[in-house]
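The structure appears right after this line, and notes come after that.
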Ligand code: GLP
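In the working numbering, the protein residues as written are 13 to 277.
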């Protein structure tokens with residue numbers, strides 16, 4: 013795992029977008045894993061800008077959403093189907109047949125989860141998985157005690173997650189109680205993961221996710237097992253990291269990051 017602490021949220025977004033840009037230019041058929049949430053809105057806005065102004069091409073790529081609420085239709089403004097189209101997919105040149113999001117209205121949810129895993133496998137797995145983090149440490153909707161080897165399945169949302177997402181729905185009661193989510197094991201099979209977090213409300217959980225022991229109580233800690241995972245945070249989200257100076261030293265000295273360091277200056 014690598015940790016990159018950048019001065020501002022804008023730089024976090026810029027670096028993440030630059031990594032995606034590089035990957036898409038290297039392999040136009042990239043299979044991208046997408047996360048929802050407020051943190052990602054700025055990332056999608058930047059990718060849309062890069063598509064419109066710099067010709068970033070999504071025509072051959074595939075996307076897989078991490079999760080979807082159960083019981084919401086695709087047109088419901090609170091569904092992740094709507095979220096991804098609204099913030100990202102309807103503004104770029106992706107082939108809509110290449111867009112994959114779990115169907116939270118499937119008559120047989122278990123079958124839907126198997127189907128989703130199969131679709132990921134059929135395309136050779138996820139090349140680059142973008143992740144946010146919930147305040148309880150979830151990735152996707154892998155709530156506390158999610159098995160570290162879990163696959164796509166139905167999960168009940170934790171009260172903390174319901175509270176965190178309530179402002180988007182108007183009230184806690186309006187938040188669905190369950191979701192389909194890729195499992196921790198599914199996420200760990202991605203070839204590369206990038207986790208983004210910004211703001212002081214994420215500082216405590218980022219410190220636990222990066223420097224704490226691996227535990228199914230905090231599914232983001234499982235990323236410590238991943239062989240190519242970058243955690244990119246702003247100053248506020250990184251402020252409780254004990255080894256911040258070490259992470260900075262690595263970022264400033266690893267040749268892999270050199271072209272990216274220039275973008276950030
Ligand atoms: C939801 C998503 C997660 C995401 C989290 C973070 O819970 N299921 O995948 O990481 O939101 O949200 P935010 O960026 O709004 O803090």
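Positions of the beta carbon are idealized from the N, C-alpha and C atoms, including for glycine.
Query	Result
Measuring from the CB of residue 233, is there a heavy atom of ligand 1 at a distance below 8 Å?	no
Quick check on residue 104: does DSSP put it in helix, strand or coil?	coil
Taking 8 Å as the cut-off, does the CB of residue 129 come closer than this to any heavy atom belonging to ligand 1?	no
Alpha carbon to alpha carbon, what distance is there between residue 194 and residue 200?	10 Å
Just curious, the beta strand (DSSP E) that residue 45 is in, first and last residue?	43–46
Terminal residues of the continuous beta strand (DSSP E) containing residue 190?	190–193
Enumerate in chain order the residues of its own chain whose CB-to-CB distance from residue 248 is below 6 Å, with the five nearest sequence positions on each side excluded.	211 and 212
Does the pairing of the stretch 201–208 with the stretch 243–263 give three or more beta-carbon distances under 8 Å?	yes
What is the DSSP secondary structure of residue 132, counted as helix, strand or coil?	helix
State the Cα-Cα distance for the pair residue 162 and residue 153, rounded to the nearest angstrom.	12 Å
Unbroken beta strand (DSSP E) runs of length 3 or more, entirely within the stretch 16–79: which are they?	43–46 and 74–77
What do you reckon, is the C-beta of residue 143 under 8 Å from a heavy atom of ligand 1?	yes
Going by DSSP, what residues sit across from residue 14 in a beta bridge?	242
Are the beta-carbon atoms of residue 76 and residue 112 separated by less than 9 Å?	yes
For residue 29, which residues in the same chain have their Cβ closer than 7 Å to its Cβ, ignoring the five residues on either side in sequence?	55, 58, 59 and 62
Please state whether DSSP places residue 235 in a helix, a strand or coil.	helix
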